[in-house]
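Visitor: Protein chains in written order, with our numbering: chain A, 1 to 702; chain B, 703 to 840.
Glycine included, C-beta positions come from ideal geometry on N, C-alpha and C.
My questions all concern the structure below.
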Amino acid sequence: MLMPAFLAWLHRMQEERKVPGARKYCTILCAPELDRPWNRHELEQLAPLPVTLGRAAGNTILLNSRGVSRQHAQIEQATDGSIVITDRNSSNGTFLDGQRITRAALREGSSFQIGPFVICVAFWPPTQQKQAATQLGLAPNLGAAPPLPAPVVGATQGADAPPTVNQEEAILIFQHDGNTLAPGAPPSAPTAEVFPPASFQQPFVSVQQLRNSGLPITETTYLAIGGGMGSFAWVDHLRVAGVPLEQIISLSPEPKPHSRYSRLCQNSQIPLHDRIRSHSESCPDNLWGFPSYGVREIFQSLGKGQIGNALHVAGRLLGEPVAADTYTPRSGDVFASLDREAACIGWERMGRMGRARAIRKTDDGRYVVAFTQTNVPPEQRHQLIIACYIHVCVGYPGIQLLPDLQDYRARMQDFQSVVNAYEFHEHVYQHLLQHGGTVMMRGRGIVASRIIQRLYEVRQHNPNVRILHLMRTPVLKGFRHGHAQRKVENHWEFEPFNWPKSCWGGTYLLKMEQADDQGRDQLINDWGGTTTAKRKDWRWIVKTGLREGWYQIDFGNVKRLERTPTGQLAALVQGTEPGRPENRLIVDFVIDCTGLEHGLEYHALLQDLVTHHQLGRNPKGRLKVSTDFEVIGMGNGDGHVYAGGIMTLGGPHAAQDSFLGLQYSALRSVDALAALGAPGVHRINGLWSLRQWFRWARGVHP
Amino acid sequence: MTPTLWDRWQTRLFLLGTVGVLITLCFGLLFRTFTTPLAVMGYVFLFGLGWDILYQAIVSFRWDGDWPSIFQIGAGVLEGVWIWILAHYVGFPGVNRSLLLWQFIPHYATVWLAVFTLSQGPLRALLPRWRYRGGQWF
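This is the structure in C-alpha cells:
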C-alpha cells in the first residue's frame, strides 16, 4: 500500500518542481521508527503547507495506528516564516526529540514521533534551505516572511547529499544457492531465459504440451516450495496428518530445513550453545509443543546430573517473564531436535535440491512448477513437477543494509569495514581482539543485543574496544496499545518476543483474524516495532558500558560515510536535536543490525507468481491469503496453493516470522486440506492426534 | 497461557468437571464423605467465574496479553484462601463448617496441581488447536 502512495507523491513532487516557489511546502519522510522489515519502506511525502497528520481520512498524512489520534497534529508556517508543528490535543502526544510538545519549531532534520511513527522533516534543495535558514534569522526585522525552500526530500539526506538513496536499492539478495549474498537490484523475472518453456506464458499450461516438451516431469500430490522452516512445518503436519512420504516433494536450495536459519543465527552471534528468541513451547519438531524445550532441557540436565541447570530452567519457566527472564531454548538443541524429526518423517527422501522458477496452472486443474535442480549435471537441471497441492514458504529474500552504508560499500567497494550483522563478519571481532577499535552500531533490536554481547566478550580480552551506538531518535517511553505499554531502559525497548505473546494464540490472534485489511494493517503497526528481550546480562552490559564510558549512545542520521587517509571510517552525522551542529565521528567498523528484508518483489518466484496470475496483495504488499492461508486467486479445479511465513505478513496472522507462526499457518492449511478431502489427510485432533503424539514420543515415523 | 475470558471459563469447566471431579471422588473415599469435597469444588468453579473476569482485566494491562505461570500460581493460592475463609468462617450450603484445614489443603492442592500440569502441555497432545484459540474448546 505504501509504494503506490510513494509513487503518487513522487510524481506530484516532480510536477510541483516545474513551478518552484509557487507554493510553500513541508516535506516529510514518514519513516516508521520500527526497524522491522515490514516497515522498512519509508514513505516520503511532499505536501504543501499546512499539513495535517492523523488517523482519520482527510488528513494530509494518514497514519494508520491506534496510537495516533484522529486529528493528531498540524504542521504550518508561522507568521515569522518558521515552520511549526502543533499537537491537536492528541491522546498520546507528539514527541519532538523525545520531549512531548504542544507547539514547536521544526528544522531541517528534525524528527518527531506520533504513535509508532517517526517522522523526519527535510527541505529541498538543500542549498536553498541553508539560505532560507539565514533569512529566517533576519525575518522579524524585515517584517515579512522570507522565501522558503520549495520541495523537500527525505530526512536521511544531508544538505550536500544527492537526492534520497532509494531504500529499494539497498538490498543484498540471498543467492540462489542460499549460501551467499549478492548486492544488487531485484532479480529479473525468470521468463527472460529459455527455461521455463514458452508455454509458461499462457494462462493455463497444457499438460500434453509439457509432456511433448521433452523436459523431465515428476508428478506428485503435495509439493512444498522453499525448503526452510516453513516448508518443514507444513510437510511435518502433512506427515502427522497421515500423508505417506511418497506423495510429498519438498523443493529446497539447501540440504537441511534449518540450513539458512542456523547460518543467520551463527553470523548474528548466536552460537549453538546460546539461546534464540523463541518460546519454550514453539517446537518446530513437535506440532503439539509438548514437551516444551524447557521441559526437555530439565530432563536432559537431570540425566547429566546438572541439577543446578535443571532448577534454573524450572525457575525460569515458572517465573517468566515477571520474576525471571523468559526461558528460550539453545539454538543447538533446536537444530538437533529438527534433525531428529527430519529423519523421522523422511525429509531427505522427499527432498529435491533446487530452486523453483515459476508456478503455473495446468489445464487439468493442477499446477506445474518449473525448477532448476542444483545437484545434477547441467544438461539435466531444468525439470518440471506437476502437483495438486502446493505450499509456498520462501522466507526472507535477502538482507537489507541502511542506504548510507550501501552507498558507501558501492562507492568504496569496502565489504570489510561496513557489515550487516547477518553477514559473516568474524574478521571484525578478530581485528578488534588484536588491535582494539571503535565500532558503530546501527539498530536496536535483538540482533544489536547479540552484537553488543559479543563485543563485550571481545572487550574482556582487549579493553580498547569501544562501542558507539547511533540511534535515529531517543526512546523514552515504550509504545502503548490499549492499557498496555512496553518497558524502556536506556532507549532500548523490551518485549520477550518480537510480537506480543497473544499474537500466537488468544485475544490478539482472534482480533487479527477477524479484522479487515485496513484493521490488520493498523494492528501490525500497533504491535510491531523494534524491541529486544529483557535479559539481565544484556541490560547489565549496557548499564556498565554507559557507566564506564566504553559504550555510548548518540542520536542522529548519517549523512555520508567516508574512508579517512588512515583507513578508518568517518561518519558525518546530523544530530536530531535542534541546533546541534553536524558531527564527524571516526570509527573502525560499522555493524548494521537493522534486520532482514522481505519485499515480495525481491523474490523472483513470487514476483513472477503475482505478476503472471495478477494476484492481489495485502496491505503490507505481501501475498494475499485467506484465513486458511490459501493464496487468493490461485485456485485451479481441485488444486489449491497455500502460503506461509513472512511473505504473508499483513494477512490473518501477525507473527509469521516465528516457529509457532509457521506451525499455525501449516496447521490451518492442513486442516483446510482435510476438510477438502485431500488424499491421505486426516484431521489432526483427538485420538488421532494423541496416537501421533505417542509415535513422536517413541521416535517412530508418523 | 494467552487466554480469552471464554477460554478461562471453558477450561475451568472442562478441567474441574473431569480431572477435578475424579480427584475429588478419590478424596471423598478417603474422607468418607462426598458432599463437602464436591461442594467445595463446585464453589471453586462458581467463584472462579468471577475471578476470571478480574484476571482477564489484569491481562489487558499486560503488553503480551498473557497470563504467566507465576500469576496462575498466585491465583491458585488466592482462590484457595478465599474458599477456605468463606467455608470456614461464613459457611456455604452443602459444606460442613467443621471441614478441617488438613483435609482442605491436600484436596484443593492436588486438584489445582493436576489442572495446572495438564494445562501446561499434556492437553495439547489431544487438542492441538487449544493453545492457538486462547484455550477455547467449543
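Is residue 775 (chain B) close to chain A? Criterion is C-beta to C-beta, closer than 9 Å.
Guide: When Cβ-Cβ separations below 9 Å define contact, residue 775 (chain B) makes contact with chain A.
Visitor: Can at least three beta-carbon pairs, one atom from the segment 664-676 of chain A and one from the segment 642-652 of chain A, be found at a separation below 8 Å?
Guide: yes
Visitor: CB of residue 537 (chain A) to nearest heavy atom of the ligand HEM: below 8 Å?
Guide: In the structure shown, the ligand HEM is absent, as is every other ligand, since no ligand is present at all.
Visitor: Just checking: is the beta-carbon of residue 630 (chain A) within a distance shorter than 9 Å of some beta-carbon in chain B?
Guide: It does not; no Cβ of chain B falls within 9 Å.
Visitor: Could you tell me whether the Cβ of residue 359 (chain A) comes closer than 9 Å to any Cβ of chain B?
Guide: no
Visitor: Where DSSP assigns a beta bridge to residue 84 (chain A), which residues make up the other side?
Guide: Paired residue(s): A:76, A:105.
Visitor: When DSSP labels each residue in this structure, what does residue 705 (chain A) get in the three-state scheme?
Guide: Coverage of chain A is limited to positions 1 through 702, which leaves residue 705 (chain A) absent and any answer about it impossible.
Visitor: Hey, quick one: how far does the alpha helix (DSSP H) through residue 536 (chain A) stretch, first residue to last?
Guide: 536-548
Visitor: Hey, residue 525 (chain A) and residue 422 (chain A) are a contact pair by Cβ (cut 8 Å); roughly how many whole angstroms apart?
Guide: Not a contact, Cβ separation roughly 24 Å.
Visitor: Rounded to whole angstroms, what is the Cα-Cα separation between residue 714 (chain B) and residue 275 (chain A)?
Guide: 34 Å
Visitor: Which same chain residues, not among the five before or five after residue 87 (chain A), have their C-beta less than 6 Å away from its C-beta?
Guide: 73, 94, 102
Visitor: Would you kindly report the start and end of the unbroken alpha helix (DSSP H) that includes residue 454 (chain A)?
Guide: 446-459
Visitor: Taking the straight line between their C-alpha atoms, what separation do you get for residue 513 (chain A) and residue 627 (chain A)?
Guide: 7 Å
Visitor: If you follow the beta strand (DSSP E) that residue 388 (chain A) is part of, which residue opens it and which one closes it?
Guide: Annotation for residue 388 (chain A): the continuous beta strand (DSSP E) segment containing it runs 382-392.
Visitor: In angstroms, rounded to a whole number, what distance separates the CA positions of residue 494 (chain A) and residue 70 (chain A)?
Guide: Within the model, the alpha-carbon separation for residue 494 (chain A) versus residue 70 (chain A) is close to 28 Å.
Visitor: With a threshold of 9 Å between beta-carbons, can residue 669 (chain A) be considered close to chain B, or not?
Guide: no
Visitor: If you follow the alpha helix (DSSP H) that residue 237 (chain A) is in, where does it begin and where does it stop?
Guide: Run containing residue 237 (chain A): 229-240, per the alpha helix (DSSP H) assignment.
Visitor: How big is the Cα-Cα spacing for residue 652 (chain A) and residue 289 (chain A)?
Guide: 22 Å
Visitor: Residue 290 (chain A) versus chain B: which residues are under 7 Å apart at the beta carbon?
Guide: 823, 824, 826, 827
Visitor: Would you mind listing the alpha helix (DSSP H) stretches within the segment 320-360 of chain A that are 4+ residues and don't spill past its ends, in chain order?
Guide: 331-345, 347-350
Visitor: Can you grab the Cα-Cα spacing for the pair residue 65 (chain A) / residue 116 (chain A), in whole Å?
Guide: 8 Å
Visitor: Residues in the same chain with beta-carbon distance under 6 Å from residue 551 (chain A), minus the five sequence neighbours each way, listed in chain order, please.
Guide: 467, 545
Visitor: Does residue 509 (chain A) come within less than 9 Å of chain B when only Cβ atoms are used?
Guide: yes
Visitor: Closer than 9 Å, CB to CB, is residue 761 (chain B) near chain A or not?
Guide: Judged by the 9 Å Cβ criterion, residue 761 (chain B) is in contact with chain A.
Visitor: In the DSSP assignment, what residue or residues form a beta bridge with residue 471 (chain A)?
Guide: The bridge partners DSSP lists for residue 471 (chain A) are A:555.
Visitor: Taking C-alpha atoms, which residue in A:377, A:586, A:558, A:210 lies nearest to residue 565 (chain A)?
Guide: A:586
Visitor: Where does residue 442 (chain A) sit, in a helix, a strand or coil, going by DSSP?
Guide: The three-state secondary structure of residue 442 (chain A), taken from DSSP, is strand.
Visitor: Note down, in chain order, every chain A residue with its Cβ under 7 Å from the Cβ of residue 768 (chain B).
Guide: Below the 7 Å Cβ cutoff, chain A contributes 501, 502 as neighbours of residue 768 (chain B), in chain order.
Visitor: Could you say if the segment 372-384 of chain A and the segment 346-361 of chain A meet the contact criterion of at least three C-beta pairs nearer than 8 Å?
Guide: With contact defined as three or more Cβ pairs closer than 8 Å, the segment 372-384 of chain A and the segment 346-361 of chain A are in contact.
Visitor: Hey, residue 396 (chain A) and residue 596 (chain A) are a contact pair by Cβ (cut 8 Å); roughly how many whole angstroms apart?
Guide: Contact holds; Cβ gap of about 4 Å.
Visitor: Kindly indicate which residue of B:828, B:803, B:773, B:774 has the alpha-carbon position closest to the one of residue 787 (chain B).
Guide: B:803
Visitor: Look at the alpha carbon of residue 204 (chain A) and the alpha carbon of residue 220 (chain A), and state the distance between them as a whole number of angstroms.
Guide: 19 Å
Visitor: Can you give me the C-alpha to C-alpha distance between residue 379 (chain A) and residue 217 (chain A), rounded to a whole angstrom?
Guide: Pairing residue 379 (chain A) with residue 217 (chain A), the inter-Cα distance amounts to about 15 Å.
Visitor: Determine the extent of the alpha helix (DSSP H) in which residue 755 (chain B) is found, giving its start and end residues.
Guide: 737-761
Visitor: If we define contact as Cβ-Cβ less than 9 Å, is residue 772 (chain B) a contact residue for chain A?
Guide: yes
Visitor: Do you know offhand how far residue 215 (chain A)'s Cα is from residue 363 (chain A)'s?
Guide: Cα-Cα distance, rounded: 18 Å.
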